[in-house]
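Here is the structure we will look at, set down as structure tokens.
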Amino acid sequence: MGSVVARKPRFLCLHGFRTSAEIMRLQIGKWPQCVLEKLDLVFIDAPFPAEGKSDVESIFPPPYYEWFQFNKEFTEYRNFDECLAYIEEQMIKLGPFDGLMGFSQGAILSAGLVGLQAKGLALTRVPEVKCLIIIGGAKFANPTVAENAYSSTIKVPSLHFLGETDFLRPYGTELLQSFLDPVVIHHPKGHTVPRLLSYDKSDERVLDFIEGLQKLLTGGGGSGTARFSVNINSNMTAGAVAVEL
């Protein structure tokens with residue numbers, strides 16, 4: 320019998336708050352070609368036009384979009400159910416997808432959606448999400464949504480990027496506690512999509528994760544979680560694999 324050809328993991332990509340699909344395409348486009356050619360990425364705009372000023376206005380041109388709205392404490396949401404329904408419709412229209420990739424508000428959604436889907440509370444009309452790439456993420460702060468999303472361990476293979484000066488870093492670290500064996504890459508920047516550099520082999524480390532996903536998707540990788548040959552950071556959640564960039 321011939322060998323099974325590994326296919327590219329297919330991700331639906333959810334952009335940050337008051338940015339856009341095109342902006343995220345440009346942000347991820349900073350990654351090296353050796354990584355990008357291993358992924359099938361689909362970018363979509365959030366359903367709602369930005370209701371206020373965007374933090375990226377001096378860097379990227381409009382239009383800007385947001386997934387849902389929230390109060391100053393981030394505990395009350397508006398248009399949240401509409402957001403979830405919109406994402407599901409896009410997954411039906413453009414899918415099927417293997418995983419979700421998100422940055423900032425899109426990362427919060429991506430991580431939480433898997434937990435909600437496992438409870439039958441979201442994405443009930445699409446195949447289960449099998450993997451995640453979370454960049455600058457955090458947990459939902461709405462108590463009811465958080466209880467539904469994180470009360471059970473999220474067991475899909477997940478890759479998390481945490482920036483040293485990211486204002487969301489403490490919340491992204493807390494998010495790791497909800498995952499089984501998350502792979503964690505630290506970078507020295509802030510709330511941004513980091514570059515993957517060849518001199519420190521960070522591109523190779525991401526490729527290792529993708530290779531694990533390919534084995535999972537072709538039925539030859541057990542749990543499918545990629546594991547890097549690095550030391551476990553004692554400051555991280557037990558089970559997290561930490562990679563310093």
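Residue numbers (our numbering): 320 to 564.
Even for Gly, the Cβ is constructed at its ideal location relative to N, Cα and C.
Is residue i near the ligand MG, going by C-beta to nearest heavy atom under 7 Å?
{"i": "L451", "result": "As far as ligands go, the structure on display features none, and thus does not contain the ligand MG."}
Do residue j and residue i have their beta-carbon atoms positioned less than 8 Å apart in this structure?
{"i": "S477", "j": "A437", "result": "no"}
{"i": "S429", "j": "L451", "result": "yes"}
{"i": "K508", "j": "G482", "result": "yes"}
{"i": "R397", "j": "Q533", "result": "no"}
{"i": "L515", "j": "W350", "result": "yes"}
{"i": "I347", "j": "V502", "result": "no"}
{"i": "T585", "j": "A460", "result": "Any answer about residue 585 is impossible in this case: the structure gives the chain only from 320 up to 564."}
{"i": "C353", "j": "L526", "result": "yes"}
With a threshold of 16 other CB atoms inside 10 Å of the CB of residue i, please say whether the residue is buried or exposed.
{"i": "K391", "result": "exposed"}
{"i": "L413", "result": "exposed"}
{"i": "D359", "result": "exposed"}
{"i": "T443", "result": "exposed"}
{"i": "L419", "result": "buried"}
{"i": "D364", "result": "buried"}
{"i": "R524", "result": "buried"}
{"i": "L494", "result": "buried"}
{"i": "G541", "result": "In this prediction, G541 scores a pLDDT of 45, lower than 50, which makes its location untrustworthy; the coordinate-derived value is nonetheless stated afterwards. Exposed."}
{"i": "G543", "result": "At G543 the pLDDT is 39, less than 50, meaning the model places this residue with poor confidence and gives no usable figure here."}
{"i": "F336", "result": "buried"}
{"i": "I378", "result": "exposed"}
{"i": "G319", "result": "The shown model of the chain, from 320 to 564, leaves out residue 319, and the question about it has no answer."}
With distances taken from CA atoms, which of the options is nearest residue i?
{"i": "Y405", "options": "S423, H506 and L432", "result": "L432"}
{"i": "P446", "options": "Y469, D417, A460 and S373", "result": "D417"}
{"i": "L435", "options": "K474, S339, T537 and I454", "result": "K474"}
{"i": "E530", "options": "E356, T511 and G335", "result": "E356"}
{"i": "L440", "options": "A468, N461 and I453", "result": "A468"}
{"i": "M410", "options": "V361, T338 and A426", "result": "V361"}
{"i": "F486", "options": "L536, H510 and F399", "result": "H510"}
{"i": "F367", "options": "P489, F399, G538 and D500", "result": "F399"}
For a test of the three-state rule: what should DSSP assign to residue i, helix, strand or coil?
{"i": "E392", "result": "coil"}
{"i": "G414", "result": "coil"}
{"i": "Y383", "result": "coil"}
{"i": "G425", "result": "helix"}
{"i": "V475", "result": "coil"}
{"i": "G491", "result": "helix"}
{"i": "I504", "result": "strand"}
{"i": "P328", "result": "coil"}
Pick out the complete alpha helix (DSSP H) segments inside the region 429-463, 4 residues or longer, and give them in chain order. none
Within the region 331-369, ranges of the beta strand (DSSP E) (whole runs, at least 3 residues): If only complete runs of 3 or more residues are kept, the region 331-369 shows the beta strand (DSSP E) at 359-363, in order along the chain.
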